[in-house]
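So the structure is just underneath, and the comments pick up after that.
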Amino acid sequence: MSTETQKRLGDILIESVLVSKDELEQALRRQEQTGEPLGKAIVNLGYLSEYELLEALSKQLDVPYLTLSNYLLNAEIAKLIPEEMARKYMVIPLFKIEKTLTVGINDPTNIVALDEISRHTGYEVEPVLCADHEIKEALDEVYGVASSMDRTMEEYQTSSNGETTQGEGEAEVPIINIVNLIFKRALKVNASDIHLNPEEDKLRVRFRIDGVLEEVWSQPKRFQDAIISRIKVMASLDIAEKRRPQDGRFKITIEDRSIDFRVSTLPTVHGENAVLRLLDPTSVSVELAQLGLNKKLEDSLRRLISVPYGVLLVTGPTGSGKTTTLYASLNELNDVEKNIITIEDPVEYQLEMIRQSNMNPKAGMTFAAGLRSILRQDPDIVMVGEIRDGETATVAVQAALTGHLVLSTLHTNDAPGALTRLVDMGVEPFLVASATSGILAQRLVRKLCQHCKEPYTPDDAELKSLGLGKVKKKLTFHKAVGCKKCRNSGYSGREAVFEILEMNEELRELVLKNASSDTIKRVAIKNGMTTLRHDGLRKVVNGITSVEEVLRVTRA
1469 MSTETQKRLG
1479 DILIESVLVS
1489 KDELEQALRR
1499 QEQTGEPLGK
1509 AIVNLGYLSE
1519 YELLEALSKQ
1529 LDVPYLTLSN
1539 YLLNAEIAKL
1549 IPEEMARKYM
1559 VIPLFKIEKT
1569 LTVGINDPTN
1579 IVALDEISRH
1589 TGYEVEPVLC
1599 ADHEIKEALD
1609 EVYGVASSMD
1619 RTMEEYQTSS
1629 NGETTQGEGE
1639 AEVPIINIVN
1649 LIFKRALKVN
1659 ASDIHLNPEE
1669 DKLRVRFRID
1679 GVLEEVWSQP
1689 KRFQDAIISR
1699 IKVMASLDIA
1709 EKRRPQDGRF
1719 KITIEDRSID
1729 FRVSTLPTVH
1739 GENAVLRLLD
1749 PTSVSVELAQ
1759 LGLNKKLEDS
1769 LRRLISVPYG
1779 VLLVTGPTGS
1789 GKTTTLYASL
1799 NELNDVEKNI
1809 ITIEDPVEYQ
1819 LEMIRQSNMN
1829 PKAGMTFAAG
1839 LRSILRQDPD
1849 IVMVGEIRDG
1859 ETATVAVQAA
1869 LTGHLVLSTL
1879 HTNDAPGALT
1889 RLVDMGVEPF
1899 LVASATSGIL
1909 AQRLVRKLCQ
1919 HCKEPYTPDD
1929 AELKSLGLGK
1939 VKKKLTFHKA
1949 VGCKKCRNSG
1959 YSGREAVFEI
1969 LEMNEELREL
1979 VLKNASSDTI
1989 KRVAIKNGMT
1999 TLRHDGLRKV
2009 VNGITSVEEV
2019 LRVTRA
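What follows is the structure in structure tokens.
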């Protein structure tokens, strides 16, 4: 930066009461001695943190700043700039829109760097401020992948047909590095799943982030078998068997965090497709107050788990947070005076004082068989990972009728549908009516990015279409926009929407009469049940999510 720019920075820091005049003078003296930029001198003297300096520079230069620690880097975009140039100018390519390439840089006033990058890439270059240490980490991450891939290409080009083989010692190392880096990046952006999708000419790598799949990069087709085989070896699967689906799991430590991976492979016309579910014990919220329930729904759930016996079901599609809700309920109930036992597929997070067991069909440990064994262990509370068949449903209902509180999950579209689903499974209606205490249905909606969400006033037509009709006060909704901090998605993070059906005599009579789920739903709403759609709209009104997101995951 020029002296003039440095003076402007000093003035801003003093005006913002971030540093004193004495501190600024000491920083200027240090700068004269070391030749380092003023901002770095201030940080090195301990007067400001690096992020406080970034905020000041952002204000001074009218350039946005971005924290890279949670940013999803794109290896394909990184290839636009050679590693040598990126490291020389401390710049990391972030994303491109049409003819504009956005880069993270520690000095946006370095016109020489921006011009050279523009000439090399053919794009207009838009800078954003990033911290030095984050740029260095990002460069190591992105170009580390590229280097490993280059080495791998060179090694496998020596083979006559370009195919990989296992057991080649050092030749496997680049593939191992690439797979490990996929895991590290997935964990860094809080991905819930990794999808490795074989195509005709490449292996596509996608992450599920906040419930939506995003493509991260693609790998050359010649690496497909090696990457899939590496994952199968880690999961103790048969690498020679490529014609049938396989399931497995493994645990590894990534940056001092122990992560469980559940692996599923499926043969496709272009090779084996692999999906990995990431289970991070440190990420689960096990407090009812942290689930996102409003007071009415939280009070309702507390009532349901406080009863000494009965069946409480949590319903929703895969990945809707059902297990988290069950764990939060168990944590609320956990007490040295209670014997709580679970059977799960698999145990995702370990809870203190609760006896947790894994389902193992090969050893005869199905949900139904496991539940029968649990009932001989003198339990007070039982959790069954999922009711998948009539046998498990019947045993669960019988357990509830003999004085146990049974918590489980079921795949239905809404809470009322769970009652008819149990009957369809073969459980007698009078048993369903007698044993069921309540049902909670849930979905996960993406939360609007708090940095770029845009408010607007819904018109009468939109309110009417949402079933809100005329409202007494003017409402403000927000829509997703997209910015650098949310990877231009407009969303960051997720939160659950709920509906809770508490059984009463009227609903039990309907179950006994084999009433349809629609009839049960109408009566439940009349009795005060809040639907998934309406709980979602509450979160729209509160600025948490958008109308589009609620409509995506719920129905009227």
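Quick note on the numbering used here: the sequence shown kicks off at 1469 and runs consecutively. By construction, the Cβ of each residue, glycine as well, lies at the ideal position given by its N, Cα and C atoms.
By how many angstroms is the C-alpha of residue 1572 removed from the C-alpha of residue 1552? 16 Å
What three-state label does DSSP hand residue 1851 in the structure shown? strand
May I have the straight-line CA-CA distance separating residue 1669 from residue 1741, to the nearest angstrom? 14 Å
Buried or exposed for residue 1534, please, with buried defined as at least 16 other CB atoms from any protein chain shown within 10 angstroms of its CB. So residue 1534 ends up on the buried side.
Below 9 Å between beta carbons: does that hold for residue 1780 and residue 1875? yes
Just confirm the distance between the C-beta atoms of residue 1541 and residue 1609, as a whole number of angstroms; I'd bet it's less than 8 Å. 6 Å
In or out: residue 1854 buried (at least 16 other Cβ within 10 Å) or exposed? Around the CB of residue 1854, 16 or more other CB atoms lie within 10 Å, so the residue is classed as buried.
Checking the sheet assignment: what are the DSSP bridge partners for residue 1811? 1825 and 1852
Rounded to the nearest angstrom, what separates residue 1857 and residue 1999 at their Cα positions? 27 Å
Beta-carbon spacing of residue 1886, residue 1904 below 9 Å: In this structure, residue 1904 lies closer than 9 Å to residue 1886 by Cβ.
What is the C-beta distance between residue 1591 and residue 1569, in whole angstroms, given that I count them as a contact (C-beta under 8 Å)? 4 Å
Cβ shell of residue 1487 (< 7 Å), same chain only, five flanking positions each side left out: 1481, 1510, 1515 and 1516
Can you tell me the Cα-Cα spacing of residue 1545 and residue 1611, whole angstroms? 11 Å
Strictly by DSSP, which residues pair up with residue 1665? 1672
So, for residue 1749: in the same chain, excluding its five sequence neighbours on each side, which residues have a beta-carbon less than 6 Å away from its beta-carbon? Only residues of its own chain outside the window of five on either side were considered, and among them 1817 have a CB closer than 6 Å to the CB of residue 1749, listed in chain order.
Whose CA, out of 1948, 1801, 1827 and 1831, lies closest to the CA of residue 1919? 1948
Look at residue 1963 and residue 1760 and say whether their C-beta atoms are less than 9 Å apart. yes
Rounding to the nearest angstrom, what Cα-Cα distance links residue 1940 and residue 1926 in this structure? 14 Å
Rounded C-alpha distance that separates residue 1501 from residue 1577: Cα to Cα, the separation comes out at about 23 Å.
Which residues mark the beginning and the end of the beta strand (DSSP E) in which residue 1719 is found? 1714-1722
Exposed or buried, what is residue 1666 when buried is set at 16 or more other beta-carbons lying within 10 Å of its beta-carbon? Here residue 1666 is buried. Its C-beta has 16 or more other C-beta atoms within 10 Å.
Per-residue burial, residue 2018 [other beta carbons within 10 Å of its own, 16 or more giving buried]: buried
With a threshold of 16 other CB atoms inside 10 Å of the CB of residue 1911, please say whether the residue is buried or exposed. buried
Kindly indicate which residue of 2023, 1950 and 1722 has the alpha-carbon position closest to the one of residue 1565. 1950
Based on Cα-Cα distance, which residue from 1586, 1719 and 1598 lies nearest to residue 1521? Checking every option, the nearest Cα to that of residue 1521 belongs to 1598.
When the Cβ atoms of the region 1673-1683 are set against those of the region 1724-1731, are three or more pairs found closer than 8 Å? These segments do not touch.
Backbone secondary structure at residue 1469 - three-state DSSP: For residue 1469, the pLDDT reaches just 41, beneath the cut-off of 50, and the residue's location in the model is therefore unreliable, leaving the point undetermined.
Measure the CB-CB distance between residue 1773 and residue 1797 and report whether it falls below 9 Å. In this structure, residue 1797 lies closer than 9 Å to residue 1773 by Cβ.
Buried versus exposed call for residue 1417 [16 or more other C-beta atoms within 10 Å across all chains shown]: Because the chain in this structure spans residues 1469 to 2024, residue 1417 falls outside the shown range and cannot be described.
Does DSSP put residue 1635 in a helix, in a strand, or in coil? Note that residue 1635 scores 45 on pLDDT, short of 50, meaning its location in the model is unreliable; the coordinates nonetheless yield the value given after this. The DSSP-derived three-state label of residue 1635 is coil.
Whether or not the region 1882-1902 and the region 1974-1982 are in contact is what I'm after, with contact meaning three or more pairs of Cβ atoms, one per stretch, closer than 8 Å; do they touch? By the Cβ rule, the region 1974-1982 counts as touching the region 1882-1902, because three or more pairs are nearer than 8 Å.
How big is the Cα-Cα spacing for residue 1550 and residue 1604? 15 Å
Can the beta-carbon of residue 1827 be found less than 9 Å from the beta-carbon of residue 1838? yes
Local conformation of residue 1923 per DSSP, three classes: Strand at residue 1923.
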